[in-house]
Amino acid sequence: MGTPSDSTMRPAGRVAVLGAGSWGSALAMQLARNATDCVLWARSREQVDAMRSSATNERFLPGIRFPSGVEFTDDLGAAVTASDQVLLAIPSDAFDALLAQIRPFLENRGLSWACKGLQPGTGRFLHQAAQDLLGESRPLAVVTGPSFAVEVARGQPTAVTVAGTDPEHVQVVAGALHGGYFRAYMSDDIVGAELGGAVKNVLAVATGISDGMGLGDNARAALVTRGMAEMMRLGRAIGAREQTLIGLAGMGDLVLTCTGDLSRNRRLGLALGKGQSVAEAVAAIGQVVEGVNTSSEVWRMACQYGIDMPISEQVHDILHSGRNPEESLRELFAREQKQETI
Numbered sequence: 000m001g002t003p004s005d006s007t008m009r010p011a012g013r014v015a016v017l018g019a020g021s022w023g024s025a026l027a028m029q030l031a032r033n034a035t036d037c038v039l040w041a042r043s044r045e046q047v048d049a050m051r052s053s054a055t056n057e058r059f060l061p062g063i064r065f066p067s068g069v070e071f072t073d074d075l076g077a078a079v080t081a082s083d084q085v086l087l088a089i090p091s092d093a094f095d096a097l098l099a100q101i102r103p104f105l106e107n108r109g110l111s112w113a114c115k116g117l118q119p120g121t122g123r124f125l126h127q128a129a130q131d132l133l134g135e136s137r138p139l140a141v142v143t144g145p146s147f148a149v150e151v152a153r154g155q156p157t158a159v160t161v162a163g164t165d166p167e168h169v170q171v172v173a174g175a176l177h178g179g180y181f182r183a184y185m186s187d188d189i190v191g192a193e194l195g196g197a198v199k200n201v202l203a204v205a206t207g208i209s210d211g212m213g214l215g216d217n218a219r220a221a222l223v224t225r226g227m228a229e230m231m232r233l234g235r236a237i238g239a240r241e242q243t244l245i246g247l248a249g250m251g252d253l254v255l256t257c258t259g260d261l262s263r264n265r266r267l268g269l270a271l272g273k274g275q276s277v278a279e280a281v282a283a284i285g286q287v288v289e290g291v292n293t294s295s296e297v298w299r300m301a302c303q304y305g306i307d308m309p310i311s312e313q314v315h316d317i318l319h320s321g322r323n324p325e326e327s328l329r330e331l332f333a334r335e336q337k338q339e340t341i
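Residue 89 in numbering that gives the first Met the number 0 sits at position 90 of the sequence shown, and the numbers go up by one each step.
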């Protein structure tokens, strides 16, 4: 079976991928498949040595080999200074700290990230946090959309959105990733792209809880649809474009994470719906679950703008106030009857 023709966009040069979890490793594999020189940075020397010797990331993507062309390092400064572009693939709550670490080495390099969340404690978007530290003239971009890391690593068909503040930079980042069975669409709506990636985390917890409680397919469909309405209402309030939210960065990612059991946020919800505590569920998953912190920031934003987001509110209360999921369900269904609006 052949593969679609690759993009002929402007080359990215060498790319430093910072973060050697499942997503960073998968993106490094995709870059290398596109013949883009790539260095993958990990914090641990032990992990770097293991990846070099086996050409795999056995902890996060066991059995999937890195293509030739991926280098490995635990030297953060060297990874950045030897590259033309920097791509962060880390949890959103580590974004600020890593950005501060690489700031002395960045110079005029373009910056992008594949994190889906909001700045903890403020609810600000990651591009706003980056602008605070690096200035508003820095080219910035986010890689987002429905994309489980293991499927990208295997080369399975995937489509994402690359949205940013500078069209040329967006084209460079998208061009570096676009090829084979990986499509990278371009957008200048970074607000909408980041909003979709954050809110879907919260809604995936909700659908996971519903499925964990055995509430059925009807309930899941209702939560996805009315959750999408919450995303759209908040998006309108903050200036996101509707076409972004009904595209890959919004609806696409929402559908995937609400239905696919590879989603950590959905798995958290499944565990909660079956009676586990938040702490027990997160410990069992063993990786960062973005929806836990993001639920607080999404609810903060909803309150700030006066947006009705009842599903997001209930998820926040379950995660942070110890509310019983059955109580949340009763409250959602006891809401006043109204016209269907988005």
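Cβ coordinates follow ideal geometry from the N, Cα and C atoms, glycine included. Since this is a predicted model, take the numbers as computed values, not measurements.
Hey, quick one: how far does the alpha helix (DSSP H) through residue i stretch, first residue to last?
i, result
"residue 71", "First-last for residue 71: 69-72, but that is the beta strand (DSSP E), not the alpha helix (DSSP H)."
"residue 114", "Counting along the chain, residue 114 falls outside any alpha helix (DSSP H), and DSSP gives it neither H nor E."
"residue 320", "309-320"
"residue 82", "Counting along the chain, residue 82 falls outside any alpha helix (DSSP H), and DSSP gives it neither H nor E."
"residue 195", "189-211"
"residue 357", "Residue coverage of the chain in this structure runs from 0 to 341, which leaves residue 357 outside it and unanswerable."
"residue 223", "216-237"
"residue 163", "Run containing residue 163: none in the alpha helix (DSSP H); it sits in the beta strand (DSSP E), 157-163."
"residue 14", "Premise fails: residue 14 lies in the beta strand (DSSP E), 14-17, not in any alpha helix (DSSP H)."
"residue 98", "94-105"
"residue 21", "21-32"
"residue 243", "241-244"
"residue 338", "Here residue 338 belongs to no alpha helix (DSSP H), and DSSP marks it neither H nor E."
"residue 135", "Run containing residue 135: none; DSSP gives neither H nor E here."
If you follow the beta strand (DSSP E) that residue i is part of, which residue opens it and which one closes it?
i, result
"residue 63", "60-64"
"residue 186", "181-186"
"residue 140", "139-143"
"residue 268", "It is not in any beta strand (DSSP E) - residue 268 instead sits in the alpha helix (DSSP H) that spans 263-272."
"residue 291", "Careful: residue 291 lies outside any beta strand (DSSP E), inside the alpha helix (DSSP H) at 289-304."
"residue 39", "37-40"
Residues in its own chain within less than 6 Å of residue i by CB, not counting five upstream and five downstream?
i, result
"residue 70", "38"
"residue 325", "none"
"residue 185", "161, 169 and 173"
"residue 299", "122"
"residue 3", "Caution applies to residue 3, whose pLDDT of 42 falls short of 50 and renders its modelled position unreliable; the model cannot decide the point."
"residue 204", "264, 267, 268, 290 and 314"
"residue 306", "232, 233 and 236"
Is it buried or exposed, residue i, if we count other Cβ atoms within 10 angstroms and call 16 or more buried?
i, result
"residue 392", "As displayed, the chain neither begins before 0 nor continues past 341, which places residue 392 out of reach and without an answer."
"residue 274", "exposed"
"residue 193", "buried"
"residue 90", "buried"
"residue 224", "exposed"
"residue 7", "Its pLDDT being 47, under 50, residue 7 is placed unreliably by the model, and the measurement read from it follows with that caveat. Exposed, since its Cβ has fewer than 16 Cβ neighbours within 10 Å."
"residue 115", "buried"
"residue 148", "buried"
"residue 320", "exposed"
"residue 229", "buried"
"residue 335", "exposed"
"residue 341", "exposed"
"residue 217", "exposed"
"residue 19", "buried"
"residue 17", "buried"
"residue 251", "buried"
"residue 332", "exposed"
"residue 118", "buried"
"residue 261", "exposed"
"residue 120", "exposed"
"residue 36", "buried"
Using C-beta distances below 8 Å, list every residue in its chain close to residue i, excluding the 5 sequence neighbours before and after it, in chain order.
i, result
"residue 281", "267, 288 and 291"
"residue 111", "84, 85, 86, 87, 139, 140, 141, 142, 161, 163, 168 and 172"
"residue 55", "61, 62, 63, 64 and 65"
"residue 5", "Summary for residue 5: the model assigns pLDDT 43, below 50, so the residue's position carries little reliability; its value from the coordinates is reported in the next sentence. Once the five neighbours on either side are set aside, the close Cβ partners of residue 5 are 33, 177, 178 and 179."
"residue 259", "147 and 265"
"residue 103", "76"
With a threshold of 7 Å on Cβ separation, who are the neighbours of residue i within its own chain once the five nearest residues in sequence on each side are excluded?
i, result
"residue 0", "Confidence in residue 0 is poor, its pLDDT being 38 and thus under 50, which makes the residue's placement unreliable; the coordinate value appears in the next sentence. None."
"residue 190", "124, 237, 238 and 239"
"residue 156", "180"
"residue 327", "313, 316 and 317"
"residue 29", "151, 176 and 181"
"residue 212", "272 and 324"
"residue 295", "315 and 319"
"residue 201", "290, 293, 294, 297, 311 and 314"
"residue 128", "94, 95 and 118"
"residue 246", "160"
Could you check how far apart the C-beta atoms of residue i and residue j are, in whole angstroms? I think they sit under 8 Å.
i, j, result
"residue 257", "residue 265", "7 Å"
"residue 15", "residue 82", "4 Å"
"residue 199", "residue 253", "4 Å"
"residue 378", "residue 108", "Nothing can be reported for residue 378: it is not among the residues displayed for the chain, which extend from 0 to 341."
"residue 40", "residue 78", "4 Å"
"residue 231", "residue 222", "No, residue 231 and residue 222 are not in contact; Cβ-Cβ is about 15 Å, not under 8 Å."
"residue 283", "residue 270", "7 Å"
Taking only heavy atoms of the ligand HEM into account, decide whether any of them is closer than 7 Å to the Cβ of residue i.
i, result
"residue 214", "The model on display carries no ligand, and the ligand HEM is accordingly not part of it."
Sufficient close CB pairs (3 or more, under 8 Å) joining the region 157-166 to the region 131-147: yes
Touch test, the region 310-329 against the region 42-49, Cβ-Cβ under 8 Å, three pairs minimum: no
Given 8 Å, three or more beta-carbon pairs between the region 128-138 and the region 90-103: yes
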